[in-house]
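Working notes for the structure below.
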Amino acid sequence: MSTFVAISIVIPAHNEETVLARSLDALVQGARTGELEIVVVCNGCTDGTAEVAQGYGDPVRVLEIPQASKTDALNLGDVAVSSFPRFYVDADVILPLASARRIAARLSERDALAAAPVMGLDLRDSSVAVRAYYRIWVRLPYVREGMVGVGVYALSEEGRRRFGEFPDVIADDGYVRLLFDARERIRVDDAPVHVHAPQSVSDLVSIKTRSRLGLYQLAGRFPDLFARGRTAKSYGNAMRGIVLRPWLWPAAAVYATVVLETRRRARAQLASVGEYVWARDQSSRRH
Numbered sequence: 225m226s227t228f229v230a231i232s233i234v235i236p237a238h239n240e241e242t243v244l245a246r247s248l249d250a251l252v253q254g255a256r257t258g259e260l261e262i263v264v265v266c267n268g269c270t271d272g273t274a275e276v277a278q279g280y281g282d283p284v285r286v287l288e289i290p291q292a293s294k295t296d297a298l299n300l301g302d303v304a305v306s307s308f309p310r311f312y313v314d315a316d317v318i319l320p321l322a323s324a325r326r327i328a329a330r331l332s333e334r335d336a337l338a339a340a341p342v343m344g345l346d347l348r349d350s351s352v353a354v355r356a357y358y359r360i361w362v363r364l365p366y367v368r369e370g371m372v373g374v375g376v377y378a379l380s381e382e383g384r385r386r387f388g389e390f391p392d393v394i395a396d397d398g399y400v401r402l403l404f405d406a407r408e409r410i411r412v413d414d415a416p417v418h419v420h421a422p423q424s425v426s427d428l429v430s431i432k433t434r435s436r437l438g439l440y441q442l443a444g445r446f447p448d449l450f451a452r453g454r455t456a457k458s459y460g461n462a463m464r465g466i467v468l469r470p471w472l473w474p475a476a477a478v479y480a481t482v483v484l485e486t487r488r489r490a491r492a493q494l495a496s497v498g499e500y501v502w503a504r505d506q507s508s509r510r511h
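The numbering of the sequence shown is our numbering, which starts it at 225 and goes up by one.
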């Protein structure tokens with residue numbers, strides 16, 4: 225690469241001492257001087273997250289806020305960075321520098337306003353039931369279109385002008401995705417991001433309940449946006465493909481069971497969403 229696109233990256237981090245280094249290593253190794261601007265926003269941390277990030281020096285900058293709030297961290301980090309395209313990266317995912325470069329190059333071509341990598345799901349430590357769930361999940365249009373569930377999304381300068389501050393919602397990626405129609409957002413298939421899948425069904429149900437609750441919250445707070453996003457999706461082909469493949473039926477049964485349980489739990493939590501305590505998969509942080 226004789227030239228490069230300057231990339232700004234915001235990483236909100238709440239008690240991510242055990243996983244932050246693997247994420248930062250993947251980004252900074254091989255980066256050229258001035259290529260990256262990374263801001264790690266430690267929010268409500270009671271561990272050594274800030275110290276881990278500070279150990280990298282340039283191009284990593286560390287900001288700290290006392291409250292545990294991903295929304296506040298996103299907004300503070302967004303003000304602190306200066307370049308585009310701009311990436312928003314969960315602290316527990318691994319986005320290789322090569323993937324960030326490819327996404328940045330696509331956004332610089334101005335044929336899209338928002339982009340996301342393709343998920344490389346690490347299921348090595350997952351149970352048989354968790355693997356079965358993801359056999360179905362990866363086939364869904366909602367997943368194949370990208371920007372949800374991968375822990376990374378990027379915006380061009382024009383795309384970032386689509387909204388003001390990040391709203392106080394659970395599913396920030398879901399909110400951002402709803403702002404762009406299918407022609408304006410892309411999934412960059414040669415830019416993988418590596419995500420550790422949950423180990424057990426209980427871990428899976430916990431994170432998928434959070435995801436479902438985030439969708440319910442978006443539907444309540446932004447009904448017009450949410451309705452537009454729903455009408456743009458079609459599950460018919462995906463479901464027909466599963467029905468016509470009997471060997472997928474056991475996995476489909478696992479998937480349906482998990483979906484029904486997460487819907488039940490999310491509906492029960494919806495009334496108290498204002499006091500929601502962020503649920504996350506601790507099993508993926510044991511690596």
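Beta carbons are placed, not taken as given, at the ideal position from N, Cα and C, and that holds for glycine.
Keep in mind that this is a model prediction, so the values were computed, not measured.
Mapping DSSP to helix, strand and coil, what is residue i?
i              : result
arginine 385   : coil
valine 276     : helix
glutamate 485  : helix
proline 365    : helix
proline 474    : helix
proline 422    : coil
leucine 244    : helix
isoleucine 431 : helix
aspartate 448  : helix
alanine 304    : helix
Nearest-angstrom Cα distance between residue i and residue j?
i             : j                 : result
valine 429    : threonine 257     : 42 Å
glutamate 261 : isoleucine 233    : 6 Å
alanine 495   : alanine 329       : 43 Å
aspartate 296 : valine 352        : 37 Å
tyrosine 479  : alanine 421       : 15 Å
leucine 347   : arginine 355      : 7 Å
arginine 310  : glutamate 259     : 12 Å
alanine 274   : serine 306        : 21 Å
glycine 281   : valine 264        : 12 Å
valine 393    : arginine 434      : 11 Å
arginine 385  : valine 400        : 11 Å
aspartate 316 : alanine 304       : 21 Å
histidine 337 : phenylalanine 308 : Strictly speaking, residue 337 in this sequence is leucine, with histidine absent from that position. For leucine 337 and phenylalanine 308, the distance between alpha carbons rounds to 11 Å.
aspartate 335 : threonine 270     : 42 Å
arginine 363  : leucine 468       : 14 Å
proline 391   : leucine 298       : 10 Å
leucine 402   : phenylalanine 450 : 7 Å
tyrosine 357  : serine 426        : 12 Å
arginine 326  : alanine 477       : 37 Å
Exposed or buried, residue i, counting other C-beta atoms within 10 Å across all chains shown (16 or more means buried)?
i                 : result
arginine 436      : buried
phenylalanine 387 : exposed
alanine 490       : buried
glutamine 253     : exposed
valine 284        : buried
serine 323        : buried
proline 320       : buried
arginine 411      : buried
valine 286        : buried
alanine 237       : buried
alanine 406       : exposed
tryptophan 361    : buried
Starting from residue i, follow its DSSP beta bridges and name the residues at the other end.
i             : result
valine 417    : Met343
cysteine 540  : With the chain represented from 225 up to 511, any question about residue 540 goes unanswered, as that position is not in the structure.
valine 234    : Val263, Tyr312
tyrosine 377  : Tyr312
glutamate 589 : The requested residue 589 does not occur in the structure, where the chain is confined to residues 225 to 511.
valine 412    : Pro341
Ordered list of alpha helix (DSSP H) runs contained in the segment 310-336, each at least 4 residues: Counting only runs of 4 or more, we get 321-332.
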